[in-house]
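Participant:
There are 2 protein chains.
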Amino acid sequence: MPGTDRRAWEVVLESIEADLLSGRLAPGDHLPAERALAADLGVGRSSVREALRVLEVLGLIRTAAGSGPSAGAIVVALPGGGMSALMRLQVAAQGFPVADVVKTRLILEAAVVAELARASEPAGDTGPAGASAHPDLTGSAQLLDAMEAPDLTEAEFLALDTQFHLSLATASGNQVITATMAGLRSAIEGYAQAGALGLASWAETSARLRGEHRGILAAIDSADPELARALVVSHIEGYYAETHDRPLHARPPAPEPT
Amino acid sequence: MPGTDRRAWEVVLESIEADLLSGRLAPGDHLPAERALAADLGVGRSSVREALRVLEVLGLIRTAAGSGPSAGAIVVALPGGGMSALMRLQVAAQGFPVADVVKTRLILEAAVVAELARASEPAGDTGPAGASAHPDLTGSAQLLDAMEAPDLTEAEFLALDTQFHLSLATASGNQVITATMAGLRSAIEGYAQAGALGLASWAETSARLRGEHRGILAAIDSADPELARALVVSHIEGYYAETHDRPLHARPPAPEPT
DNA sequence: CGTGTACTGTGGTCAGACCACACCCGTCGC
DNA sequence: GCGACGGGTGTGGTCTGACCACAGTACACG
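In the order they appear, the protein sequences are chains A and B.
If you're matching positions, the first sequence starts at 1 in full-length UniProt numbering and goes up one per residue.
If you're matching positions, the second sequence starts at 1 in full-length UniProt numbering and goes up one per residue.
(1) Are three or more beta carbon pairs between the stretch 214 to 229 of chain B and the stretch 193 to 202 of chain B nearer than 8 Å?
(2) Identify every run of the alpha helix (DSSP H) within the stretch 68 to 94 of chain B, keeping only runs that are complete inside it and at least 4 residues long; order them along the chain.
(3) Does the beta carbon of residue 323/A sit closer than 9 Å to a beta carbon anywhere in chain B?
(4) Give the secondary structure of residue 220/B by DSSP, where H, G and I count as helix, E and B as strand, and everything else as coil.
(5) Any contact of the stretch 65 to 73 of chain A with the stretch 91 to 111 of chain A, i.e. 3+ C-beta pairs under 8 Å?
(6) Can you give me the start and stop residues for the beta strand (DSSP E) that residue 62/B sits inside?
(7) Considering only C-alpha positions, which residue in the set 29/A, 86/A, 225/A is nearest to residue 55/B?
(8) Using a Cβ cut-off of 7 Å, pull out every chain B residue sitting near residue 96/A, in sequence order please.
(9) Which residue wins for smallest C-alpha separation from residue 121/B, given the options 8/B, 234/B, 225/B?
(10) Check whether the Cβ of residue 88/B lies closer than 9 Å to any Cβ atom in chain A.
(11) Figure out for me which residue from 192/A, 79/A, 236/A has the closest Cα to the Cα of residue 216/A.
(12) Can you list, in chain order, the residues of its chain with a C-beta nearer than 6 Å to that of residue 187/B? Leave out the 5 residues immediately preceding and following it.
(13) Is the Cβ of residue 124/A closer than 9 Å to any Cβ of chain B?
(14) Can you tell me whether residue 195/B is buried or exposed, with buried defined as 16 or more other CB within 10 angstroms of its CB?
(15) Report the neighbours of residue 50/B on chain A: residues whose CB is nearer than 7 Å to its CB, in chain order.
(16) In the DSSP assignment, find the unbroken alpha helix (DSSP H) run with residue 201/B in it and report its ends.
(17) Excluding five sequence neighbours on each side, which residues of the same chain lie with their C-beta closer than 8 Å to the C-beta of residue 242/B?
(18) Give me the DSSP bridge partner(s) of residue 213/B.
(19) What in chain B is Cβ-close to residue 17/A, meaning under 8 Å?
(20) Could you compute how far the alpha carbon of residue 162/B sits from the alpha carbon of residue 140/A?
(21) 9 Å is my cut-off, CB to CB: does residue 107/B come that close to chain A?
(22) Mind reading off the beta-carbon distance from residue 45/A to residue 53/A? Whole number of angstroms is fine, and I expect it under 8 Å.
(23) Taking residue 153/B as part of the alpha helix (DSSP H), name the residues at either end of that continuous run.
(24) In whole angstroms, what is the alpha-carbon distance linking residue 144/B and residue 150/A?
(25) Taking DSSP's pairing of strands, which residues face residue 30/A in a bridge?
(26) From the DSSP output, in three-state form, read off residue 195/A for me.
(27) Could you check whether residue 248/A and residue 106/A sit closer than 9 Å to each other, using their CB atoms as the reference points?
Laid out in structure tokens, this is it:
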């Protein structure tokens, strides 16, 4: 019979996935207790725990010890953490080249700002089927204000920068893009910080970045998709080239032929 | 002291991530045996196994029992499987709306074919820094030939369709996009199949899809980025609208107010 | 009626045991 | 001398049982 050859924890994972797909489990629901799940599926508790651990890292469930309504494993479906862990580790393991991460981020963010600009059309929207009239960018603007503080360290500035770019993705309303952008961003966080330390003049660079941010937001507000897209492209390509001493689309330096 | 309050399996995960980042671990390397790892880090073997399970699902390692050089846990960094699992489960758990998945796929694939068309410029490339001259699309073309077989079932056709679209991403050479496209595609595989069964005329639709595929490839070959992009957009939007009875950018029908 | 304490069930962790497996190497037979 | 065969050894895979910390709950007590 099929299924017997699968590893025990895979059986658990598939069972839970089937419950999700069939609607027996929905966000907010409690999973059965680990011991009960083990008994139901005929596997050991440790196998159940391995499956639950995977689901937790992937952002599908949240676990809490103790008793009461908030205890146990609860379906949450928050993809951000899982995507970040996946991309961070793949970059660490050299499965994802940093340049590919940046290129992908560039594509997604350019599309996001172009759509935001399109949706920002003052009158007549994109039609009655338009996603959401006038996406909320007040949070993004507030982040830009916070970045004007003169005594920010590189790390603080970059943390706000991350939040700003992420807020644009959030404003687009696309859950997949939001989570992916969060993952891409966290994957290269270390590189962005390392690059900032090697810059000739941080004050000069950060001033330029601030100005570019304002320009992007202005282009969105003025409903100019192509301008917004172009500004994002030069913003990201510029920072990459400045911190890596080569343009984004160049071949990386040949690996040492040791 | 920090780190003590973290859960045991997180300690293992962080330890391995640190080894990857520092270069102590690289693709192809063996991880220490589970029992040794547990002893080194002062945790139980079950905690080590939970961490390794996560790494395995994320595509970071491959495990094999037995003895010899191929046994044990080996760093592999194959992001496709992990991305697929993550997106499939997030769609199942309603963290990712299907429409957002399709929209994201549309953005990425449009960018991919546009870049392929740009790189297909017959002479003078994109300069000495160009990614790779003339990306290899023979595999993509062969898949289209295979899709001409008249006796294909819906499932077989869609499987080839998945491979075709994935081959385009692969041809771009971008690891992140390739893995992401694989994940997006596997996440909506079930919906694509269910949609195919509800079509008025599968023969008619599949014939149209075949023609559109040829057109996309032709646009790439003729180095026309904008045409390739437009064809991809209408290809994906068309299939979505046909199988969901509404355009991709429309609001989904209001949920039942039960 | 309020308060505090024991109880119960949860996830978190560990230790130990057994299994199947695959390689390695020594022995045995030719 | 050489090949085949068999046990030895170490691996991941799994299960069992136990203990802990924790948080809510029920009940007895004042």
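By construction, the Cβ of each residue, glycine as well, lies at the ideal position given by its N, Cα and C atoms.
Keep in mind it's a predicted model, so treat the numbers as computed, not measured.
Facilitator: For this structure:
(1) no
(2) 79 to 92
(3) The structure shown does not extend to residue 323/A, since chain A spans only 1 to 258, so no value can be given for it.
(4) helix
(5) no
(6) 61 to 64
(7) 86/A
(8) 79, 175, 176
(9) 225/B
(10) yes
(11) 236/A
(12) 87, 88, 91, 101
(13) Note on residue 124/A: pLDDT 49, under 50, position unreliable in the model; no value is reported.
(14) buried
(15) 49, 50, 53
(16) Unbroken run through residue 201/B: none, as it is neither H nor E.
(17) 195, 199, 205
(18) Bridge partners of residue 213/B: none, in fact.
(19) 88, 89, 92
(20) 37 Å
(21) yes
(22) With 8 Å as the limit, residue 45/A and residue 53/A do not qualify as a contact, their Cβ atoms being about 12 Å apart.
(23) Counting along the chain, residue 153/B falls outside any alpha helix (DSSP H), and DSSP gives it neither H nor E.
(24) 58 Å
(25) 74/A
(26) helix
(27) yes
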